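Engineer: Numbering-wise, this note's numbering comes out as the position in the sequence shown, counting from 1, plus 1007.
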Amino acid sequence: MKGEIKITELDYARISSLINAFNDRKSRDLKNVEVLGSEIQRAEKVDSRQIAPDFVTMNSLIEVTDLDTNRQITLKLVYPKDADFRKGFISILSPLGCALLGYKSGDTISFEVPAGTKKVRINKVLYQPEANGEFTV
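#1: Assuming residue 1068 contacts residue 1083 under a Cβ cut-off of 8 Å, what Cβ separation, rounded to an integer in Å, is found between them?
#2: Taking the alpha-carbon of residue 1044 as reference, which of 1053, 1014, 1077 has the nearest alpha-carbon?
#3: Near residue 1026, what residues of its chain come up, given a Cβ to Cβ distance below 7 Å and the 5 sequence neighbours on each side ignored?
#4: Taking a contact to mean a Cβ-Cβ separation below 8 Å, would you say residue 1050 touches residue 1080 in this structure?
#5: Would you decide whether residue 1024 is buried or exposed? Buried here means 16 or more other CB atoms lie within 10 Å of its CB.
#6: Quick one: is the Cβ of residue 1072 within less than 7 Å of any heavy atom of the ligand FAD?
#7: Could you name the residues of the same chain whose beta carbon sits closer than 7 Å to that of residue 1096, not counting the 5 residues immediately before and after it, in chain order?
#8: To the nearest angstrom, how far is it from the Cα of residue 1124 to the Cα of residue 1072?
#9: Quick check on the DSSP output: the beta strand (DSSP E) that includes residue 1085 runs from which residue to which?
#10: Once DSSP output is grouped into helix, strand and coil, what is the label at residue 1141?
#11: Using CA atoms only, rank isn't needed, just tell me which of 1122, 1132, 1141, 1136 is closest to residue 1113.
#12: When the distance is taken between beta carbons, is residue 1116 closer than 8 Å to residue 1106?
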């Protein structure tokens, strides 16, 4: 997960608030919260109107390939309250969710899961709110 990443200033503000809320309590997501915190700190923050449409932002719909199985999956990156893996809605606090934010189409990312390290390739961003003029989603 160490390539160049970009996130919108709005996503940064909202995720920072989410992280602060989790830091105040014990949670099984604490490791993911720490990883997410370090990722957003190193990310280049850009105005929502300036982010390129091929970057993964919050509420983006993404097609990825699991490089271990070659299986293609369509996912939507969401806040924890909207997560539903059966629908393909993955939480920003999940290992994969943390890994996807800020990367772009064509990037290969790795992330830690209980069974070890996984790798996925972002094939394309099918839908990005900012590219569709939605700046407050």
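Cβ coordinates follow ideal geometry from the N, Cα and C atoms, glycine included.
Being a predicted model, the structure only gives us computed values, none of them experimental.
Structural biologist: In terms of the structure at hand:
#1: Numbered from its first residue, the sequence shown carries residue 1068 at position 61. Numbered from its first residue, the sequence shown carries residue 1083 at position 76. Going by Cβ atoms, the distance from residue 1068 to residue 1083 rounds to 5 Å, so yes, they are a contact pair.
#2: Within the sequence shown, the letter at position 37 stands for residue 1044. Considering only 1053, 1014, 1077, the residue with the shortest C-alpha distance to residue 1044 is 1014.
#3: Reading the sequence shown from its first residue, position 19 is the one you call residue 1026. Here the set comprises 1040, 1043, 1044.
#4: Numbered from its first residue, the sequence shown carries residue 1050 at position 43. Numbered from its first residue, the sequence shown carries residue 1080 at position 73. In terms of Cβ geometry, residue 1050 and residue 1080 do not form a close pair [threshold 8 Å].
#5: Along the sequence shown, one-based indexing puts residue 1024 at 17. Residue burial annotation: residue 1024 is exposed, with fewer than 16 other C-beta atoms found within 10 angstroms of its C-beta.
#6: No copy of the ligand FAD appears in this structure; indeed no ligand is present at all.
#7: Counting from 1 along the sequence shown, the entry for residue 1096 is found at position 89. Cβ within range, chain order: 1083, 1085, 1089, 1090.
#8: Position 117 of the sequence shown holds residue 1124. Position 65 of the sequence shown holds residue 1072. Approximately 15 Å between the Cα atoms of the pair.
#9: Within the sequence shown, residue 1085 is the residue found at index 78, counting from 1. First-last of the beta strand (DSSP E) with residue 1085: 1078–1085.
#10: Sequence index remark: in the sequence shown, residue 1141 carries index 134 (1-based). In this structure, residue 1141 counts as coil in the three-state DSSP scheme.
#11: Along the sequence shown, one-based indexing puts residue 1113 at 106. Minimum Cα distance to residue 1113 is reached at 1132.
#12: For the purposes of this step, residue 1106 is taken as the residue at position 99 of the sequence shown. For the purposes of this step, residue 1116 is taken as the residue at position 109 of the sequence shown. Contact: yes.
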